[in-house]
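Contents: one structure, followed by commentary.
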DNA sequence: TTGTAAGCGTTATCAC
DNA sequence: GTGATAACGCTTACAA
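Residue numbers (the UniProt record's numbering), protein chains in the order written: chain U, 1 to 334; chain Z, 1 to 334.
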């Protein structure tokens, strides 16, 4: 490996001067600069980032922990994070937590001893009790539900309000028996419980009595949506709308409805949540909630960089909620 | 930041002993080990990875450059790469090239490259002429088309053969006017030209004369597929099958056909390529070619690690082609 | 079984 | 404008 001092020797200057040239410092004569760049090119020199990191005490890399990168939702998030990181001069190392609590805890625990300057973690399983798991001496931003009780910076989306908007939209279109795919009223607070709560509140406000059999618990995955439709119709439960708590789920539900010969939006209206790119291209295209991903990612970076510059152990936790918006498409238009 | 020597002082031993304990070396008495681990826990010590990297001359990180992580194809690939990397003790830093030649060259050339032990790059724009762009003293595996003329390790998929299989499948089902979405016979060799060539060869072999107007050039993106259908039908071109050169494109084509009131597989048969997860859940589900992604990723790692262990400048370039398989689903079943 | 010394490649400081 | 020196935190040899 070609080192800086080899370049220095070849150019007849000191290593320090080579460093100055590389880092674009002023006070280097054009003549010297030329000699050095020539030597760099000739020898094929590259800076050793490990050494630079050691000196600088930082790596220019942030970690991104997501449940599963091949979920469209995560992939789009990762795309935004990588792009935003690039704009701010950072690189992104991606880890997958497998949507398990263990995986998320692991990502938090490992992050400090990995080479990251900070970590953005998309939490889906961590709850209130896990607040102590978050490092206090290392910049972490949680992208997901609020981790109560800890000074954890976090960015969330308007789960309750978005679900309310969807519900009102469906009720306005005459739906009275809205099946909620992924719906759940118990268990750790998260996207599922918050969106369900938003739905139920809006339903009651509209004077529609919620029915237990219309809460269809299932995981947020395409295959689960298809299976859940099979099960629900198999059980003879009638419904005039399928409110899916994520778009991925909705894709599976569309599939499941097609399997049963039910048309959308003819027989059943269908909605999603997240506004993944695919939502505009399904057949029919999908009414959904755009949770303001771009703004969320920008906010996450603002928080992370603020901690990087002033890594206070104390300090109030920051919060941000994305600006959501109902996007109406064919699946609820008849 | 707590350093190793602070731990050593606290435990009443030398830094070397702390290092030995951390790295699980033998010849450390249980008593010493206990004292050291206690001190590590009490002080909250973490190894400084930058320093370790500097010493070791490697980082344990490999780079992954993909066109655009939020393309399902790339996302699934990234998921496999990250998982495989984890299994082999590596982390993955993801970069996006934006599917541009400049982006790909940049990923190869950047001095950031130096913080990776190796690079896996999914090339879509680099061609024969770019072989010299590939570093010779740094492990790189190209995932994509063959870069002729250079000693570039690469993993490719059976583009020609897979497209041939799809074509034969369609011809067997009676199709004679197969529109090829994304089809292209000229320009830099790549997935588009290779798959088109495979299609044309199989078509001729089956005694069907290719028609120029059925080659529908468009980029491999969902929105492009929908637009291309609009254009083709608008131009009054009739076709009984839509062979899409990627699944993402097929999703858009399904959408475009629905917009025109054409049913699948009733009026038109549709096929894709790549077998992304979504392909089983579109309505109708999509006949496609599974290119053996898992095997491709495993092969890419084998090549990369082989170069890491024996980074010869010379040495024959390695090659691997994924085991492809036609997956027949509803979109071609009637 | 443990400690000492040296150096990995870079850059901040400060002198020249 | 340029260069000598001294770290950054860790681990490989070798010595004890």
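Heads up, the beta-carbon is just placed ideally off N, CA and C, and yes, glycines get one too.
No experiment lies behind these values; they were computed from the predicted model shown.
According to the DSSP secondary-structure assignment, residue 244 of chain Z is paired through a beta bridge with Z/181. DSSP places residue 305 of chain U in no beta strand (DSSP E) but in the uninterrupted alpha helix (DSSP H) bounded by 293-309. Nearest C-alpha to residue 70 of chain Z among U/49, U/300, U/285 and U/278: U/278.
Cβ contact annotation for residue 25 of chain Z (same chain, cutoff 7 Å, sequence separation greater than five): none.
At least one CB atom of chain U sits nearer than 8 Å to the CB of residue 82 of chain Z.
Distances from the alpha-carbon of residue 123 of chain Z to those of Z/145, Z/252 and Z/151 put Z/145 closest. Bridge pairing for residue 118 of chain U: U/62 [DSSP]. Under the Cβ distance rule, residue 53 of chain U counts among the residues neighbouring chain Z, one pair being separated by less than 8 Å. Contact between residue 273 of chain U and residue 162 of chain U holds, since their C-beta atoms are separated by about 6 Å, short of 8 Å. Annotation for residue 32 of chain Z: the continuous alpha helix (DSSP H) segment containing it runs 30-43.
When C-beta distances to chain Z are compared with 7 Å, the residues of the segment 54-77 of chain U below that value are 54, 59, 61, 68, 69, 70, 72, 75 and 76, in chain order. Below the 9 Å Cβ cutoff, chain Z contributes 277, 278, 280 and 281 as neighbours of residue 222 of chain U, in chain order.
In this structure, the alpha-carbon of residue 326 of chain U lies about 19 Å from that of residue 253 of chain U.
Residues of the segment 244-259 of chain Z with a C-beta less than 8 Å from any C-beta of chain U: 251, 252, 254, 255 and 258, listed in chain order. Not flagged as an interface residue toward chain Z: residue 231 of chain U, since no C-beta distance is shorter than 8 Å. Under the DSSP assignment, residue 160 of chain U falls in the alpha helix (DSSP H) whose first and last residues are 159-172.
Leaving aside the five residues that flank residue 275 of chain U on each side, the residues in its chain whose CB is nearer than 6 Å to its CB run, in chain order, 288, 290 and 327. Taking a beta-carbon distance threshold of 8 Å, residue 49 of chain U counts as an interface residue toward chain Z. Within a 10 Å sphere around the beta-carbon of residue 56 of chain Z sit fewer than 16 other beta-carbons, which makes this residue exposed.
For residue 185 of chain Z, the CB contacts under 8 Å within the same chain, skipping 5 residues up- and downstream, are 193, 196, 197, 200 and 215 in chain order.
Leaving aside the five residues that flank residue 232 of chain Z on each side, the residues in its chain whose CB is nearer than 8 Å to its CB run, in chain order, 179, 216 and 239. Judged by their CB atoms, residue 90 of chain Z and residue 62 of chain Z are nearer to each other than the 8 Å cut-off.
For residue 211 of chain Z, the closest C-alpha among the options Z/227, Z/176 and Z/329 is that of Z/176. Contact between the segment 6-23 of chain Z and the segment 31-40 of chain Z is present: three or more C-beta pairs spanning the two stretches fall below 8 Å. With contact defined as three or more Cβ pairs closer than 8 Å, the segment 250-267 of chain Z and the segment 291-309 of chain Z are not in contact.
Counting only the Cα atoms, residue 64 of chain Z lies some 42 Å from residue 30 of chain Z. For residue 143 of chain Z, the uninterrupted beta strand (DSSP E) segment begins and ends at 140-144.
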